[in-house]
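K.L.:
There are 2 protein chains.
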Amino acid sequence: MEKIKKILEEKGIKPSIQRIKIFECLMCDGDHPTAKDIYEIIFKEIPTLSKTTIYNTVKLFTDKGILKPVRIREGEVRYDIESDSHPHFRCNKCGKVFDLEKNLLIKEKKEIDGHLIEEKCVCYLGVCRNCRRKREH
Amino acid sequence: MEKIKKILEEKGIKPSIQRIKIFECLMCDGDHPTAKDIYEIIFKEIPTLSKTTIYNTVKLFTDKGILKPVRIREGEVRYDIESDSHPHFRCNKCGKVFDLEKNLLIKEKKEIDGHLIEEKCVCYLGVCRNCRRKREH
DNA sequence: TTCAAAATTGAAATCATTGTAAATAATAAA
DNA sequence: TTTATTATTTACAATGATTTCAATTTTGAA
């Protein structure tokens, strides 16, 4: 609790009860919660909670660099508190998202951490050649 | 045109004019169109076109294995006609998605095909350990 | 305590996608 | 060709996640 307060303050975020709870929820939940998941978990403790607060807060956290949206499938957005880039594993049955080791290198292995791998998806993000030509980057 | 007809028929899909146009659109557009993109392009030729037809058709194509949804960012769904798995590059400025070579191996390079790489995103998909334990797979 | 700024809230709006049922077109049988 | 059957397309309503916005509440400084 005090630890979370410190982390938020270091990033210039006022540690309101809602923000602390949301951060706590993101830390504890190993499956990368959606906005809905977060809302349902915290609503039990703070019944006056608004969904807008969840969206405001994850946006604030993302802007401040302590949170990263993970968009893999189904149009759903999940959130990852780890700032360091690392591979993810998404279950096609339950939709949960797990973190994998950063320097993971899977060649022929079909299994990792007990998960059965069926498909790999790699994407690079940046500025495409067309947009680079238009403006200076 | 005749070529597209054949491809569809081989997959057991009746080649209606809408389906041919949608397939054609997916082939020509190098940026992986969204459902909205497809609608706007084809609407010019077929003004009676319904958005539902776009969604029906991309679902049909996906089920038949000739199309793959690409979900990278922004909650948007784009479509990729290539059936073979390969890396993608998504532009953070314009949102367009480009195909990259299948066996691409980028280590320190910051550039590929003229695109500036800022971030890499790797994801594995399959059945997680929890779901495997529950049922047999 | 008072006041202004920041944070939270609920309700309405938006927007992509899905569901549904009617209309239309294509195909097969008589 | 006519009719019946089936597949396809369409319009419109419904859904659900997210955003907008104005009003209310909380906070912190003076």
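Heads up: the protein sequence lines correspond to chains A and B, in order. Residue numbering for the first sequence follows our numbering, starting at 9 and increasing by one per position. Residue numbering for the second sequence follows our numbering, starting at 9 and increasing by one per position. Idealized CB from N, CA, C, for every residue including glycine.
1. Less than 7 angstroms between CB atoms is the rule here; does Arg21/B satisfy it with respect to chain A?
2. Does the segment 115-132 of chain B come within contact of the segment 119-139 of chain A, defined as at least 3 CB pairs closer than 8 angstroms?
3. So, does the segment 9-24 of chain A touch the segment 41-54 of chain A, judging by three or more C-beta pairs under 8 angstroms?
4. Please list the terminal residues of the continuous beta strand (DSSP E) segment that includes Leu133/A.
5. Helix, strand or coil: which one does DSSP assign to Lys11/A?
6. Please name the residue or residues paired with Asp119/A in a DSSP beta bridge.
7. Might you give, ordered along the chain, the residues of its own chain that have their beta carbon closer than 6 angstroms to the beta carbon of Arg86/B, omitting 5 neighbours on each side?
8. Please decide whether Val135/B counts as near chain A, where near means a Cβ-Cβ distance under 7 angstroms.
9. Can you tell me whether Arg27/A is buried or exposed, with buried defined as 16 or more other CB within 10 angstroms of its CB?
10. Identify, in the order they occur along the chain, each residue of the same chain with its Cβ nearer than 8 angstroms to the Cβ of Lys29/B, setting aside the five sequence neighbours on each side.
11. Using the rule of at least 16 other Cβ atoms within 10 Å of the residue's Cβ for burial, across every protein chain shown, is Arg98/B buried or exposed?
12. Can you tell me where the beta strand (DSSP E) holding Val78/A begins and where it ends?
13. Hey, how far is the Cα of Cys36/B from the Cα of Ile74/B?
14. Taking only the alpha-carbon atoms, compute the straight-line gap between Arg137/A and Val66/B and give it to the nearest angstrom.
15. Can you tell me where the alpha helix (DSSP H) with Cys33/B in it begins and where it stops?
16. Name the two residues that bound the continuous beta strand (DSSP E) containing Val105/B.
17. Determine which residues share a DSSP beta bridge with Asp88/A and list them.
18. Please report how far the alpha carbon of Ile46/B lies from the alpha carbon of Glu32/A, in whole angstroms.
19. Using only the alpha-carbon positions, how far apart do Asp107/B and Lys72/A sit?
20. Taking a Cβ distance cut-off of 9 angstroms, strictly less, list which residues of the segment 86-102 of chain A are near chain B, in chain order.
21. Do you know offhand how far Lys101/A's Cα is from Ile12/A's?
22. Pop quiz: Pro95/A and Leu68/A are said to be a contact at Cβ under 8 angstroms. What is the actual Cβ separation, rounded to whole angstroms?
23. Cβ closer than 8 angstroms: which chain B residues qualify as neighbours of Asp121/A?
P.N.:
With the structure as the only source:
1. Here the sequence assigns Ile to residue 21/B, which means Arg is not the residue at that position. No, Ile21/B does not count as interfacial toward chain A.
2. yes
3. no
4. 123-135
5. helix
6. Per the sequence shown, residue 119/A should be read as Glu rather than Asp. DSSP lists Leu124/A as partners of Glu119/A.
7. His40, Thr42, Val78, Val105
8. yes
9. buried
10. Ile50, Glu53, Ile54
11. buried
12. 76-78
13. 15 angstroms
14. 28 angstroms
15. 25-36
16. 105-107
17. Lys76/A
18. 42 angstroms
19. 31 angstroms
20. Ser93, His94, Pro95, His96, Phe97, Arg98, Cys99, Asn100, Lys101, Cys102
21. 33 angstroms
22. Not really, about 26 angstroms apart at Cβ, beyond 8 angstroms.
23. Arg137
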